[in-house]
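Counted from 1, the sequence shown has number 24 at position 25 by numbering that gives the first Met the number 0; the numbering is strictly sequential.
Note that CB positions come from ideal geometry on N, CA and C, so glycine has one too.
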Amino acid sequence: MTPPALPPSTRIAFIGGGNMASAIIGGLMRQGLPAANIQVVEPFEAARAALKAQHDIDAAPAAAPALADAGLIVWAVKPQSFREAAAPVAPHVGNALQLSVMAGIRAADIAAATGSARIVRCMPNTPALVGRGMTGLFDAAGAAADRQLAETVIRTTGDVLWVEREELLDAVTALSGSGPAYVFYFLEAMQQAGTELGLTASQARRLAVGTFAGGTQLAADSPEPLATLRERVTSKGGTTYAALTAMEQAGVKAAFVKAMHAACVRAAELGDEFGRTPPH
Numbered sequence: 000m001t002p003p004a005l006p007p008s009t010r011i012a013f014i015g016g017g018n019m020a021s022a023i024i025g026g027l028m029r030q031g032l033p034a035a036n037i038q039v040v041e042p043f044e045a046a047r048a049a050l051k052a053q054h055d056i057d058a059a060p061a062a063a064p065a066l067a068d069a070g071l072i073v074w075a076v077k078p079q080s081f082r083e084a085a086a087p088v089a090p091h092v093g094n095a096l097q098l099s100v101m102a103g104i105r106a107a108d109i110a111a112a113t114g115s116a117r118i119v120r121c122m123p124n125t126p127a128l129v130g131r132g133m134t135g136l137f138d139a140a141g142a143a144a145d146r147q148l149a150e151t152v153i154r155t156t157g158d159v160l161w162v163e164r165e166e167l168l169d170a171v172t173a174l175s176g177s178g179p180a181y182v183f184y185f186l187e188a189m190q191q192a193g194t195e196l197g198l199t200a201s202q203a204r205r206l207a208v209g210t211f212a213g214g215t216q217l218a219a220d221s222p223e224p225l226a227t228l229r230e231r232v233t234s235k236g237g238t239t240y241a242a243l244t245a246m247e248q249a250g251v252k253a254a255f256v257k258a259m260h261a262a263c264v265r266a267a268e269l270g271d272e273f274g275r276t277p278p279h
């Protein structure tokens, strides 16, 4: 699905210019937003150089009054750096929509740090870097125009899913935010098994990656339950049955579900920890 284009007058400022900011900037520019309409505040010289090389954007090392020209502020700093980063930015951005891609930091804390009640939180994932991201969003204020603007920006990196309660972003973090790491973990295991069975590492990686890509595409295109798709590949007494039986006996599914519960708990703890930390 091609995301709708932003109005050419849209001005966006990014606080933080790392990988996720770069992914969104790249998507925006592919949709036709001029580089002149994008500001970036990034204190690290290497990251500023990367933005210049990739997008021909001159990032600033510190906040400046020109931030007041932006109608949308994208917070793309590490959560532990947010309060320090927000202090010099807040005087200039109180009227803008705040779009946070930071894990754990809640809308109330973002509002307190920025002076803006217009908050949309989102939890993207790293496939956004190749335009195949899956991002969960939560709108703290409920304004239709703000929702549309946030969705238009994030859709440049992939698909989106809105949730109706902020705490559900912790579940989104556990499933899709952290999810690419689970995929790579399973791919590593498949590659290891392939090499132990006589394939080269490159052969095993190609087979594993291709199988994941094809399987997820089949699931995306099919209206049938995932269990039905699995059962279609699993003949009683066959090779797939042997593999899945071994996984069940080893408790793989239960351990996997438990792991995502742990990720969800940790996401909630991060929000709690930030909320309890007093400003310096």
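Suppose you measure from the CA of residue 73 to the CA of residue 58; what does that come to, to the nearest Å?
14 Å
Please list, in chain order, all residues of the same chain as residue 67 whose beta carbon is under 6 Å from its beta carbon, the five residues on each side excluded.
91
Using a Cβ-Cβ cut-off of 6 Å (strictly less than) and excluding sequence neighbours within five positions of residue 13, which residues of its own chain qualify?
Cβ within range, chain order: 20, 39, 73, 75.
Measure how close the beta-carbons of residue 103 and residue 266 come, nearest whole angstrom, since I'm counting them as under 8 Å.
Your pair residue 103 and residue 266 checks out as a contact, with CB atoms roughly 6 Å apart and the cut at 8 Å.
What residue range does the alpha helix (DSSP H) around residue 171 cover?
Counting along the chain, the alpha helix (DSSP H) containing residue 171 begins and ends at 167 to 171.
Between the Cα of residue 17 and those of 45, 6, 26, 34, spot the shortest distance and give me the residue it belongs to.
For residue 17, the closest of 45, 6, 26, 34 by C-alpha to C-alpha distance is 45.
So, with DSSP's three-state summary, where would you put residue 97?
In this structure, residue 97 counts as strand in the three-state DSSP scheme.
Flag this pair as touching only if the stretch 230 to 247 and the stretch 144 to 157 have three or more C-beta atom pairs under 8 Å; answer yes or no.
no
Taking only the alpha-carbon atoms, compute the straight-line gap between residue 131 and residue 29 and give it to the nearest angstrom.
Separation of residue 131 and residue 29 (C-alpha to C-alpha, rounded to the nearest whole angstrom) is 14 Å.
Assuming residue 180 contacts residue 190 under a Cβ cut-off of 8 Å, what Cβ separation, rounded to an integer in Å, is found between them?
Not confirmed; about 15 Å, so no contact.
Based on the DSSP secondary-structure assignment, which residues constitute the bridge partners of residue 160?
135
Excluding the 5 residues preceding and the 5 following residue 84 in the sequence, name in chain order all residues of the same chain whose CB lies nearer than 6 Å to its CB.
14, 76
Let me know the secondary structure DSSP gives residue 75 once reduced to three states.
coil
Just tell me which of 54, 150, 31, 213 has its CA closest to the CA of residue 99.
It is 150.
I'd like to know whether the C-beta atoms of residue 63 and residue 95 end up nearer to each other than 7 Å.
no
Identify, in the order they occur along the chain, each residue of the same chain with its Cβ nearer than 8 Å to the Cβ of residue 202, setting aside the five sequence neighbours on each side.
193
Kindly confirm or deny that the stretch 121 to 137 and the stretch 165 to 173 touch, where touching means at least three C-beta pairs closer than 8 Å.
yes
Going by other Cβ atoms of all chains shown within 10 Å of its Cβ, with 16 needed for buried, is residue 220 buried or exposed?
Counting other Cβ atoms within 10 Å of its Cβ, residue 220 stays below 16 and is therefore classed as exposed.
In the stretch 0 to 37, which residue ranges form an unbroken beta strand (DSSP E) of at least 3 residues, counting only runs that do not cross its ends?
11 to 14
Buried or exposed, going by whether 16 or more other CB atoms sit within 10 Å of the CB of residue 271?
exposed
When the Cα of residue 80 is compared with those of 93, 243, 112, which residue comes out closest?
Checking every option, the nearest Cα to that of residue 80 belongs to 112.
Could you tell me the distance, in whole angstroms, from the CA atom of residue 227 to the CA atom of residue 238?
18 Å
Considering Cα atoms alone, identify which of 244, 177, 126, 254 is closest to residue 153.
126
Can you give the Cα-Cα distance for residue 244 and residue 117, rounded to whole angstroms?
50 Å
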